[in-house]
Structures are given as C-alpha cells and as structure tokens.
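Colleague:
Number of protein chains: 4
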Amino acid sequence: MTYTATVVGANGFTGGELCRLLVGHPNFDLVQATSRSNENRTLGHAHPNLRDIDLRFSSPDDLKSVDTLFAATPHGVSMSDIDRFQDAADTVVDLSADFRLPAESFYDDYYDGHSCPELLESAVYALPELNREKLSGAAFIAAGGCNATATILGLLPLVENGVLDGDEQVVVDVKVGSSEGGASGGEAASHPERSGVVRPYAPAGHRHEAEISAFLGLDVAFSVHAVDMVRGASATCHVFPEEPVSKADLWQDYRGTYDEEPFVDLVAGGGGVYRYPEPKSVAGTNRAEIGFELDPESERIVVLSAIDNMMKGSAGQAVHAANIALGIDEKTGLTQRGLHPVGAP
Amino acid sequence: MTYTATVVGANGFTGGELCRLLVGHPNFDLVQATSRSNENRTLGHAHPNLRDIDLRFSSPDDLKSVDTLFAATPHGVSMSDIDRFQDAADTVVDLSADFRLPAESFYDDYYDGHSCPELLESAVYALPELNREKLSGAAFIAAGGCNATATILGLLPLVENGVLDGDEQVVVDVKVGSSEGGASGGEAASHPERSGVVRPYAPAGHRHEAEISAFLGLDVAFSVHAVDMVRGASATCHVFPEEPVSKADLWQDYRGTYDEEPFVDLVAGGGGVYRYPEPKSVAGTNRAEIGFELDPESERIVVLSAIDNMMKGSAGQAVHAANIALGIDEKTGLTQRGLHPVGAP
Amino acid sequence: MTYTATVVGANGFTGGELCRLLVGHPNFDLVQATSRSNENRTLGHAHPNLRDIDLRFSSPDDLKSVDTLFAATPHGVSMSDIDRFQDAADTVVDLSADFRLPAESFYDDYYDGHSCPELLESAVYALPELNREKLSGAAFIAAGGCNATATILGLLPLVENGVLDGDEQVVVDVKVGSSEGGASGGEAASHPERSGVVRPYAPAGHRHEAEISAFLGLDVAFSVHAVDMVRGASATCHVFPEEPVSKADLWQDYRGTYDEEPFVDLVAGGGGVYRYPEPKSVAGTNRAEIGFELDPESERIVVLSAIDNMMKGSAGQAVHAANIALGIDEKTGLTQRGLHPVGAP
Amino acid sequence: MTYTATVVGANGFTGGELCRLLVGHPNFDLVQATSRSNENRTLGHAHPNLRDIDLRFSSPDDLKSVDTLFAATPHGVSMSDIDRFQDAADTVVDLSADFRLPAESFYDDYYDGHSCPELLESAVYALPELNREKLSGAAFIAAGGCNATATILGLLPLVENGVLDGDEQVVVDVKVGSSEGGASGGEAASHPERSGVVRPYAPAGHRHEAEISAFLGLDVAFSVHAVDMVRGASATCHVFPEEPVSKADLWQDYRGTYDEEPFVDLVAGGGGVYRYPEPKSVAGTNRAEIGFELDPESERIVVLSAIDNMMKGSAGQAVHAANIALGIDEKTGLTQRGLHPVGAP
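Residue numbers (the UniProt record's numbering), protein chains in the order written: chain A, 1 to 345; chain B, 1 to 345; chain C, 1 to 345; chain D, 1 to 345.
1) Kindly indicate which three-state DSSP category residue 192 of chain A falls into: helix, strand or coil?
2) Taking Cβ-Cβ distances below 7 Å as the criterion, which residues of the region 218 to 245 of chain D are in contact with chain B?
3) Go to residue 265 of chain C, then tell me how far its beta strand (DSSP E) extends in each direction, as first and last residue.
4) Evaluate residue 175 of chain D with the Cβ neighbour count: other Cβ atoms within 10 Å of its Cβ, from every protein chain shown; 16 or more gives buried, anything less gives exposed.
5) Let me know the secondary structure DSSP gives residue 116 of chain A once reduced to three states.
6) Is residue 325 of chain B closer than 8 Å to residue 137 of chain B when the C-beta atoms are compared?
7) Any beta carbon from chain C within less than 8 Å of residue 189 of chain A's own beta carbon?
8) Can you give me, in chain order, the residues of the region 47 to 58 of chain A that have a beta carbon less than 9 Å from any beta carbon in chain B?
9) Could you tell me whether the region 293 to 301 of chain A touches the region 189 to 206 of chain D, using the rule of 3 or more Cβ pairs below 8 Å?
10) Helix, strand or coil, according to DSSP, for residue 77 of chain A in the structure here?
11) Taking Cβ-Cβ distances shorter than 7 Å, what residues in chain A pair up with residue 15 of chain B?
12) Can you check whether the C-beta of residue 295 of chain D is within less than 8 Å of a C-beta belonging to chain A?
13) Please report whether the beta-carbon of residue 192 of chain A lies at a distance below 8 Å from any beta-carbon of chain C.
14) Please give the ranges of any beta strand (DSSP E) in the region 185 to 265 of chain C, keeping only runs that are unbroken, at least 3 residues long and fully inside the region.
15) What in chain A is Cβ-close to residue 175 of chain D, meaning under 8 Å?
16) Identify whether residue 89 of chain C lies in helix, strand or coil by the three-state DSSP scheme.
17) Short of 8 Å Cβ to Cβ, which residues in the region 255 to 287 of chain D face chain A?
18) Is it the case that the region 301 to 308 of chain D contacts the region 270 to 288 of chain D, given that we only count it when at least three CB pairs across the two stretches are under 8 Å?
19) What are the partner residues of residue 94 of chain D, as DSSP defines its beta bridges?
20) Is residue 185 of chain C close to chain B? Criterion is C-beta to C-beta, closer than 8 Å.
21) Are the C-beta of residue 320 of chain A and some C-beta of chain B separated by less than 8 Å?
22) Taking residue 192 of chain C and residue 198 of chain B to be in contact with their CB atoms under 8 Å, please state how far apart those CB atoms are, rounded to whole angstroms.
23) Among D:28, D:217, D:61, D:125, which residue has its Cα nearest to the Cα of residue 100 of chain D?
24) Note the first and the last residue of the continuous alpha helix (DSSP H) segment covering residue 15 of chain A.
25) Closest by CA to residue 164 of chain B, which one among B:334, B:130, B:270, B:244?
26) In whole angstroms, what is the alpha-carbon distance linking residue 171 of chain D and residue 73 of chain D?
27) Note down, in chain order, all residues in the region 329 to 344 of chain A with a beta-carbon under 8 Å from any beta-carbon belonging to chain C.
28) Taking its Cβ as the centre, do 16 or more other Cβ atoms sit within 10 Å of residue 311 of chain B, making it buried, or is it exposed?
29) Give me the chain C residues within the contact set of residue 178 of chain A, using Cβ-Cβ distance strictly less than 9 Å, ordered along the chain.
30) Quick check: residue 128 of chain C and residue 5 of chain C, are their CB atoms within less than 8 Å of each other?
31) Quick check on residue 75 of chain C: buried or exposed, where buried means 16 or more other Cβ atoms within 10 Å of its Cβ?
32) Within the chosen definition, does the region 225 to 235 of chain D reach the region 145 to 159 of chain D through at least 3 CB pairs nearer than 8 Å?
33) Do the region 8 to 21 of chain B and the region 39 to 54 of chain B touch if we need at least three Cβ pairs shorter than 8 Å?
34) Assuming residue 110 of chain B and residue 210 of chain B are in contact, meaning their beta carbons sit under 8 Å apart, how far apart are those beta carbons, in whole angstroms?
35) Using the rule of at least 16 other Cβ atoms within 10 Å of the residue's Cβ for burial, across every protein chain shown, is residue 335 of chain C buried or exposed?
36) Taking 8 Å as the cut-off, decide whether the C-beta atoms of residue 91 of chain A and residue 139 of chain A are in contact.
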C-alpha cells in the first residue's frame, strides 16, 4: 500500500532528510514539500542529493490533503498549526519538541510553556524501542530529541532490568555535530567559529533532560558539547549502580532489550579501531550502536551510545514510527548502510 | 541471475567498499573476502559498516572458484597473481593500476615496467561512459584511477565534440581526499599531519596522466593536491579552446554525451550553495557531477568534475562495469543516494 | 618611538587580527577599536585570544585623533569614510578593496565603480615585496587581497626575470579557507555546508584578477576554490614559458628576488612530509612559502605559494607596510612562529 | 643568564614543540636536538615551523654536556637512560610518564612497573600551580600528562577550598586531539580513520587517573574520547558536592586559587560565542581556561577546563617548570598569543 505524504519545512536539514527517506520508500509517495523561502524552487536547490527529484517546494499555507504529514518546523510552529496539520492528514508526525513531552509541566520547566496542552496526551513519543505498541495505529506521533534518543537508548536496558531505578547517580556527557543547529546558521555556527571546537554549549539545563526524565524516570546530570562533525550524537553515560554488576549480567540485560531490535547494534569491544560505538559508524543510517565498559575502580558502568542525529535522532526515527503506525514493515526505507572510511559526516 | 563473487584484498578501503556494494547487490553473492592480516576475523572487524555481515576474511592463498573476482590489491600484486585470479573466476575485475593502461610503454614511462604486457590488450578499461560496448561480455576488466576518472569524465564531451583535439592547452588541477592513500597509513597520512592540508603531493608527473593520454588522447598539465576530506576527488580542468565556444554550444555538447548516462549529472549553475559540482554532493554514491563556466577574459572553459574516489573512482566503477559485462541492468546495486548535510565524507 | 593606533571594524576577523598584532607590537599603542554591534563590550567578547586586553569597542562614529588608523571595514565603507579616516590619522592603512587598485577602470570592470577615483593614485599597494620603496613615508596604504597576494608572490620572480612578460599562458588555481568570507556568516559559510568542501566558488571572474593584472601586468586564468580550513590561501600557478627554463635558472631567479626578503621562504623540495609550500606551515605567521616544480612533459612550471590569508594576505601585510611607512624595523611585531603539528588553522 | 639546552627525542611532536619554545626563549640556547631516524637532517625537515633554525638532529647516543636536558622520549626510555641524562645536564626535565608519579605502586597499578623506583621521590611534578615552591631549584622535573593537567587545574580550587575532600562523586569526561597520540602514526591515527571521530578510546582505566589520585587525592571516574582536532584537551568535570555551594562562593574559590597565576584564565560565562573554556581559544599558548556552571537540578558543579595538550599539557608546562627551577621569570618564552579565528589547531 502507498501513502501520500507531505513534508512541512522541507527546506531545513531535518525536512530534507525526511524527503530523502520518503522518495526512497516504497510505501510513501511524497506529493508535497513546503518551504516559504524556496517556494517554487526544486528540492535540489536546497538539497544537492535530491537533484533528480521532480518536485518543487510549495507554500506551507496551502497544504494538500494527504495520508501522512511530517512537520519539520522550528519549535513553536506545530503548536500553532497543529489543527491545520491534522486537517490535512490522517497521520501527523511532528519532529519538533512541541508535542514530544507528555505533560504541560515539562513545557513550563524547560520551554516557554505550551499553548495547547490538552493535545499532549494524544501524541505518542516516536521511539519504537520504547513505544512500539503504542505506535501501532497512532495518528499523532512526536519524534524525540536526538541527544535524548542517544541517552535513552543507552540507559533503557539498565532501567528495564532494574539496574537503575531512579536513585542512582547518572552523568550523561553528549557530543553532537553541527547539523543539530539546523540550516539557519548564525555566528556560532559559522565554519570559522564552529570548526575544530570542543564547545560546552549546554553544560547544564539542556532541554532534552526533560525527555529522559519523562520516559526513563531518571534525573540525569546532563551536559552537551559541540564537536567537529556535521552528523552524529554520542552519549557517554557514567552510571553508578547501587549494587555491583557483572559484565556478563550487563550483556544479558542489553541483549535482552535489544536482540530483536532491527536498528540497535550492540558493539561488544574486542580489538580493532572500531571496538566501541562511534557516530562515524552509523552516519547516514538509522542504526544506533550501544556498548559499555565496566570500570572496577569507580564501580561505574560507562555506557556508550552513538546515533546519526538526523536519522535515528530525528527523521529516521520519524519514518520508523510512521512505518509502525501504518502497519508497514518497520525496516522499510531505512536499511541504508553506512560508509567506511568516512570523514566527518 | 546471481553470480558468486570474491573480493581479494578486502581489508583495504577499496576492498571494503566492494564488499559493501556486493552484499547489497541482488545479483551478486559475496562468498569470499580475503585478507592476510585479518584472516579469520569478521568483515566488521575492519569495516564497521559491515558488522551485520556473516562472513570472515580468508587467506588470499586459497581462492574459491567463483563467477567473478574483484582484486583490490596494491599495485603489482595483480601482475603477479593474474593467472590465479583468472583460474578462480570467469570474470576478473582488477582495481589496481596493473592492467588499466593499454600499452607497455605507459608502464615504462609512469610505472616500473610491466611483467606480462601481453595481457594488456585483453583488459577492458572499466569506465562505462567511455567503453560501454567493449565492456559487454568482457572477461577481464581494469578499473580506472580516481583522478583520471574525474578528469576523463570532465573532458570527454569536449573531445567527442571536437572542442579538444589534442593541440590545445589543458591544465587539470585535482583535489583529493585521504582515502586515496589507502588503509596502510604512514606519517604523511597521520591525522595530525594530514588534517587541514592543502598539500601539493604531485605537482607534476602524476601517474594518472597516462590514462588521460591513453583514453582521451590528451597530454594535459596535471597536478594533484591533498585536501581535508576523506572521500572525494574534484578535477578543475582549465581548457583553452582554439576556437571560441558559446555556453549554449557547450551545454549541447555535454548533454549530448551525458543525457543518457545514468551516473553523470550535469550541474548547471543557477543560484544556491550547490551551484557547481562538489565531492560532498556525490559522496557515498556512484554519481559524477559535471559542470563548467566560461571565462570570457581568458577564453577559457573551466570544467568542474566531482566524484567519490571510492565509488565512481574505484569500487562503484568496478561494479558498474561488472554489471555491464554480465548483462545485469547497469544501475543495479549502485543507486545509493547521498546525504545532505554531510561533513567531510 | 610609539604610534597611537585605531582599528576601525575591529569586530571582524581582519580587525581582530590587526588588534592581535598591534597589542603585541612595541611601536604601536592601540587606543581605539571600533565596532557598532559590540560597542562597549570588551575585545575579548568577540576575540577570545584578546581576553586579557583592557580595551572596549567604541563607536566608529567617534574617531580619536591618532597617528595611524587601520580600516578593516567591508568593501565600500572606506570609499565613503576616507575623509573621516584621513582627518583622524596621519597614516591610513585600508584593508578593503576600496583603494588597492591603481585606476578607476579596474573598479568599473570588477567592482561597482568608484566614488572617489581621484584618490586612487595617492594610495600605495601594501605588498612590500613589490612596493617597499613607495611605502617608505607613505600616508595612505591599501593592503592587497589574499588570493592576489599569494599569486603575486608566486609569480613575481618570473616577471622580474623575464620568464613571464605577459604573453604566456598562466593558470592560477587557488584554494582558500573559510576565514576569507569574514565573520558575518551566511548559509554557505555555515559549518554543515562549509565543512569538508571542495567548492569552486569563483571558477572565473574573481575580483583579485584585477590586482594581478595591475601589479604584474599579467592576465592570468584565475579560479578560486573553498576548501576545509579556516586560515590559509594556497595558489598553484601553472606557467607555460615561451622558452624552456632550467630548474637551476629558476632557483636563481627566485633566490634573486627573495633572498633578502624577511617574510618569504623558498621551500626547495627534498624529502619529508613538508617538501612543498603549505598553508599549514605558515598559519598564524606573516610568512609566505614559495616553491615550484618543473614538469618536463608539459613544459610547465608549477609554482606553489602558501600564505595565511589573515596575515601575509591581510593584517600582517598591513602592519608590515605600516612598519615600513613609519620607519620602524619592518619585522617588528611580525615574527610569530607557526605551530607543528597543527590541524586546520 | 643563558642556559644551554638539549632536547632528546626532538623528532616527535613534543620534542618539536620544546625546540620551538627554546629557540624563542631568551634564556635558553638550544645546542642539541636528537633524533635517531632523522640524524643529520635539519630540524625543519621534521618541523616545517623550524625551517629557519640552523641546527641538525644528532644521535641520541652522543649527548653533549649542557645545563638543561629535556627528554621527550616514549615512555620507558627515560627509565633506562636517566643516568645518561643526569650525567649530561645539571637539570633534567622529563616529559614522559616515567617519573611523574610519586610512588612505585602507581607504576604497578597503571603501568608495567618501574625499573628505578628509588628515583621517584627525587622528581618534582612540573605543574607550577600545584608545585611552584618545590620546583624552585629542582634538578629533576617530570611533566604531567595532558589529560591529568586539564583535570587537576579544573578541580584544584575545589580541593584547596574543601569543596572536594575525596568522598564526593566526580566524573571527568575528557576530549583530546590527535597530537596526543604522537608522530608515530598507526591505523587508528590515520586521517581516514581518525577524521571526524568521537571515539571513546579509554572509557575506563586511563593511566592519567593515577596523577589525579596522586596529586589531588581524588579517585575520579575518568573517561577519555578522541575528537576531531589536532591540539587540545578539554576536561568536563561533573562534581557532586556534599554540601550545596553557591556560584559566588565558587567564584571566590577559583579566584583565590588562580588570580595570581600567569597562565590560568577564568572564563566567566557572559554572552557571545566563547563564553566557556575551549581548546581553540588556548591553542598554541601555555594558557589554561577554566570555568564552571552550576546545575541546580542535579546539584552538580560542571567544571570546564581547556588546554593545548602540547603546551600547558606538555612542552609549555616543562619550560614553565624549568623557568621556575632556574630562577628565570616564569612567563619567559611562554607568552605566545592564540589566534582567532582558528580552525582545528
């Protein structure tokens, strides 16, 4: 079965990534891609990887009636336009932060409040590893934040298996690429300033803490650093369990959670250059790499989690969730393989 | 129909790229991948993008009998092992320089001679845009060099249409990524030394001149610079035609040569960031982007050509040629789409 | 003797570089640094390397009376404000393009004309290797463009020694870093788009052609590519002499021109990683590295020239010229040594 | 007064950095630089920033008698050659790990034991912020590790002021550049593999833990990641104090410890791009930038510390310590200013 689809905000990085996935997806037919600034221009004008696609950006004011609408708009737009989106499509997948948190209090604490909190409970958080059942048949889906996604995937097996129950100390130190900042640029995002950085842009108070709290029940100590790559988010989670754990038990926990997951790979060390999860290894793919080390000195579990922030951390997650919602085989359109070697994707 | 395939030298970058393409190709069944240094280790040990592939490196000394053998060995190996390769497979595709030039004199001039020059004429140069007919049914194929491929693709329409006939001045200034140097490393290739460079590693005397001479009949002034990317080769060809040419005529020439080509895209300028060919736009794909500008001041045609050196410049070209040789639809297994944004792939 | 100095446009990259040089210069006393957008903020707010400097940006509307004023404003500003600059200071050094060309016709051909062409002949082009005598005592100095500087330095010995007299074919292929685009950013300059590029941003028609024509008497075929570094300009000049030349003669020519020059180093090949000029080797310094190879095949001289576009290509050149104009030892304040290893400065 | 100096292991990155500092230092006269592999070649052969230096590498087997010897040899060499070094010079500064820890037990736990543990107590750890008094007149100095240096500088004020006394949870997440791996290369250090990484190369068990334990009395949870830069080490220290602390108190602590320190700058937030410590801001300098944020949610102090691993983390620290040992003004030869903008130094 084929579903017609619209991408709102298709000019941006996430919107472009959605278009890339949808034009290669056998069950979607991308019929509309909106952009105010590039109206009437080809998709290839903004996204050189879509030069062969015969579609032009249209105005976001004239939404076609479609089966599925993906909104890749800046935070705040979906809040105000959600009625139009839902009128235009049976299934709405929002990639902004506007509906990803389950209660108004999160928006009061981490954002500038919410204009339609009554809709929050109707939106399903898109992460399949967390919410596969709720996603089935869902009409309103909200994709997670990339840093939160990397963290949640890293810690989920510890929560599911009782190693973490909310009282333990957890420090999460995230490193992210520049695509996270979006296509709009700005001084800090300019190449001369952004190149070669290790920039602690959110040592404390990052908004993605809210998702980790909401969906894992953990209040983690969370810091985010910008590093020199374009795609990628890497979460190093320093976990101090209350009881000692063995490596064997941990592997059992991680395997139990992820062995059936099509997009999570456990990276089990061994030798070689790529013995731990790395964003390079998953760039351009919907895969997450998860691994860990045990530090006997500090009785610490060091969980390592790597994703492509544009894929598993955003557009790929959205399509994955839409697949599940619509009853499509969930891997469809998301099996792109990564590259080796690859620079700073 | 499915063809069994072996990759010799699968531990290296080009060998790994071949494996990536073959495991995703519906008409090939990768049954052997050899590596002396990583014998018995999984492909994923060397290539993190192949972690899911259930195959281990085997010794290059024990070649299975297969339909097609791809040799991605250092220059010189194929010369000495060609008998073994041809005994093991009906179709041999060599990715080294050992058989890509059509006459012994080239090896005398640019290499250290040749040990079996009598075989040179049986090898078909793999570039389909040049040799599609000869490739059909070919049993012995030699893939081109990446810098030569970028250059030949840029200049071919000018040769085919008589703008260039060998007497004109042509300067080719190539910029390449670090993957061209292979996986073996070395001081100049180390990250601290190689990072951020504009390094004129072959201002004159680059071996790929030989291919341009052999297949286009042009003696170009050729220089190659290492720049900071991993994948990619970009050729800027400064062409001084004997007669003035118009932009319209040139477009007609380029369209005439490439309109039917599945892997060559003409990039026609216009506005936006990506108005010229760029390696970033084709990274991870088998596409070549070709474009040009006319410089009225110097009566110069500036031809711009961009490829992924690992794909169109090597492994992709090899699989493309093998498709043609074996009668498989030539696009099969080579339709990966690029990414946007992407860093320094 | 100490000269008071003002930097106009100190918020930008070139202005910041001027401040860096002047605060470390024993004969200058930086008393004013103007910035409209950062008025009243410390220099360190814009330039982290100046955090220890106890000076705040002031309005460009209130210029103090000083000995020397350096204008690092966008093109066009100096044209309209030159009277104010000259009223405020005995010596004015302009780093924009507004006065660097010696005749109005260049501004008609390459820019949008000129509003005060009668002043052009009073401005001395700042490149000491070309104009040392004229600079002595000069009250109005115009620094060269970075790409032109790299090119002129590479070709000057050939012109001085009659190898080039204007009739020969010369192709100049320049690779530049992102700092050339200035601090104002923009979509093409954003890290996700600019990272990892080989982008032919001016295949033809670059404005710096005008300087090469004006000061060397050469109409070169000129193309500029953006590559992934922040600082640096590298010019590869493909020169086709009318008469054959020997390597020994060329070295004699280059030594004759540069042996006494304090900021030009001839890089004579040999072995090792750094056997040719490279922008990395001169980053952060006022040095130019110049070298060449002879290509017997194409009877071509490949001249290689590397500078830091912010230093020898702009602020360093300006201070160097000011030193000469004011009778200060010309090396003063410009002897910073480069780093090794260094990434993509 | 001028001291003659030898650098042993001058071919490597740290050795080259020592040479750079010593040739620019008014109180040192570099008379010998040893390298086995580059014997008789000029310093400029290995280090392009030293092309003007008229000195050739000599054999490490023939050490001249000098005032001061700096050993920049791989770990293990100083242990076996310390007698020769001390015979050759009155003052020996070792930059390896061989003598930096104060007790044999550390070498048993973190290294492969020690061959002359009786000498350990005669070596003074070089970090002046920790050991200024002991360094005065010292004849045997051992420079700290770069990751340890960044961490110790970040946490020292908390220890000195009793915020940390050894019982608190401290997680240190370090990001380092590729120069840390040295000049010898290897597969993981090759540009194609190392470019664009966030690679957790030591999630647990890093040897620099030993120094933090030895000199701060803290057992921190320590992880090190390789990121894409050449120079630089950035430590993010997540500190959980037993008692709540105020930002004002913390600033008082940090100012108390560092206000008189010539090479430590407190970066106090505010606006702008560079409101936190960053390796880019200190690249090429002997400065450390230190700052912090308070996270009310997790009652966490996030301490941020950035150094150039080659300077403050190694060669600069060594020269700083030698200055103090010899009674030279301690800033001498170490006042190089950083660059802005700068890429990935």
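Ideal Cβ placement from N, Cα and C applies to all residues, glycine included.
Quick caveat, the model's predicted, so the values are computed rather than measured.
Modeller: In short, the structure shows the following:
1) Here the question's residue 192 of chain A lines up with position 192 in the first sequence. It is helical.
2) Taken in chain order, the members of the region 218 to 245 of chain D whose beta-carbon sits within less than 7 Å of a beta-carbon on chain B are 230.
3) Position 265 of the third sequence, counted from the first residue, corresponds to residue 265 of chain C. First-last of the beta strand (DSSP E) with residue 265 of chain C: 264 to 266.
4) Along the fourth sequence, read from residue 1 onward, the residue named residue 175 of chain D stands at position 175. The residue in question, residue 175 of chain D, is buried, as its Cβ has 16 or more Cβ neighbours within 10 Å.
5) Start at 1 with the first residue of the first sequence, and residue 116 of chain A comes out as number 116. Residue 116 of chain A: coil per DSSP, three-state reduction.
6) Walking along the second sequence from the start, residue 137 of chain B turns up at place 137. Walking along the second sequence from the start, residue 325 of chain B turns up at place 325. Cβ atoms of residue 137 of chain B and residue 325 of chain B: closer than 8 Å.
7) For the purposes of this step, residue 189 of chain A is taken as residue 189 along the first sequence, with counting starting at 1. Proximity of residue 189 of chain A to chain C, defined by a Cβ-Cβ separation below 8 Å, is satisfied.
8) Of all residues in the region 47 to 58 of chain A, 47, 48, 49, 50, 51, 52 have a Cβ within less than 9 Å of some Cβ in chain B.
9) As far as the Cβ criterion goes, the region 293 to 301 of chain A touches the region 189 to 206 of chain D, which means the pair count is three or higher.
10) The residue you call residue 77 of chain A lines up with position 77 of the first sequence. Correct three-state label for residue 77 of chain A: helix.
11) Taking the second sequence and counting its residues from 1, the one referred to as residue 15 of chain B is at position 15. None at all; the shortest Cβ gap to chain A is about 11 Å.
12) Taking the fourth sequence and counting its residues from 1, one reaches residue 295 of chain D at position 295. Closer than 8 Å to some Cβ of chain A, the Cβ of residue 295 of chain D qualifies, so yes.
13) Locating residue 192 of chain A in the first sequence gives position 192, where the first residue counts as 1. True, the Cβ-Cβ gap to chain C drops below 8 Å.
14) The DSSP assignment places complete beta strand (DSSP E) segments of no fewer than 3 residues inside the region 185 to 265 of chain C at 198 to 202, 221 to 227, 233 to 240, in order along the chain.
15) In the fourth sequence, the residue the question calls residue 175 of chain D occupies position 175. For a Cβ distance threshold of 8 Å, residue set 175, 198, 225, 227 of chain A lies close to residue 175 of chain D, ordered along the chain.
16) Position 89 of the third sequence holds residue 89 of chain C. Correct three-state label for residue 89 of chain C: strand.
17) From the region 255 to 287 of chain D, only 273, 276, 277, 278, 279, 280 have a Cβ closer than 8 Å to chain A.
18) Contact holds: three or more Cβ-Cβ distances are below 8 Å.
19) Sequence index remark: in the fourth sequence, residue 94 of chain D carries index 94 (1-based). According to the DSSP secondary-structure assignment, residue 94 of chain D is paired through a beta bridge with D:71, D:142.
20) The count along the third sequence starts at 1 and reaches residue 185 of chain C at position 185. No, because no Cβ of chain B sits closer than 8 Å to the Cβ of residue 185 of chain C.
21) Reading the first sequence from its first residue, position 320 is the one you call residue 320 of chain A. Judged by the 8 Å Cβ criterion, residue 320 of chain A is not in contact with chain B.
22) Taking the first residue of the third sequence as 1, we reach residue 192 of chain C at position 192. Taking the first residue of the second sequence as 1, we reach residue 198 of chain B at position 198. So it is not a contact: roughly 22 Å between Cβ atoms.
23) What you label residue 100 of chain D is simply residue 100 of the fourth sequence in a count that begins at 1. Looking only at D:28, D:217, D:61, D:125, the smallest Cα-Cα distance to residue 100 of chain D is reached by D:125.
24) Mapped onto the first sequence, residue 15 of chain A falls at position 15. Run containing residue 15 of chain A: 13 to 23, per the alpha helix (DSSP H) assignment.
25) Here residue 164 of chain B refers to the residue found at position 164 of the second sequence. It is B:244.
26) Along the fourth sequence, one-based indexing puts residue 171 of chain D at 171. Along the fourth sequence, one-based indexing puts residue 73 of chain D at 73. Residue 171 of chain D and residue 73 of chain D have their alpha carbons spaced roughly 31 Å apart.
27) Per Cβ criterion, the list reads 343, 344.
28) Here the question's residue 311 of chain B lines up with position 311 in the second sequence. With 16 or more other Cβ atoms inside 10 Å of its own Cβ, residue 311 of chain B counts as buried.
29) What you label residue 178 of chain A is simply residue 178 of the first sequence in a count that begins at 1. Near residue 178 of chain A (Cβ distances below 9 Å), the residues of chain C are 190, 191, 192, 195.
30) By one-based count along the third sequence, residue 128 of chain C stands at place 128. By one-based count along the third sequence, residue 5 of chain C stands at place 5. Going by C-beta atoms, residue 128 of chain C is not nearer than 8 Å to residue 5 of chain C.
31) The residue labelled residue 75 of chain C in the question sits at position 75 within the third sequence. Label assigned to residue 75 of chain C: exposed.
32) Touching, yes, given that three or more Cβ pairs across the two stretches are closer than 8 Å.
33) In short, these stretches touch, since the Cβ pair count reaches three.
34) Numbered from 1 along the second sequence, position 110 holds the residue referred to as residue 110 of chain B. Numbered from 1 along the second sequence, position 210 holds the residue referred to as residue 210 of chain B. Rounded to whole angstroms, the Cβ separation of residue 110 of chain B and residue 210 of chain B is 4 Å, and the two are in contact under 8 Å.
35) Numbered from its first residue, the third sequence carries residue 335 of chain C at position 335. By the 10 Å Cβ count, residue 335 of chain C comes out exposed.
36) For this step, residue 91 of chain A is matched to residue 91 along the first sequence. For this step, residue 139 of chain A is matched to residue 139 along the first sequence. Taking 8 Å as the Cβ cut-off, residue 91 of chain A and residue 139 of chain A qualify as a contacting pair.
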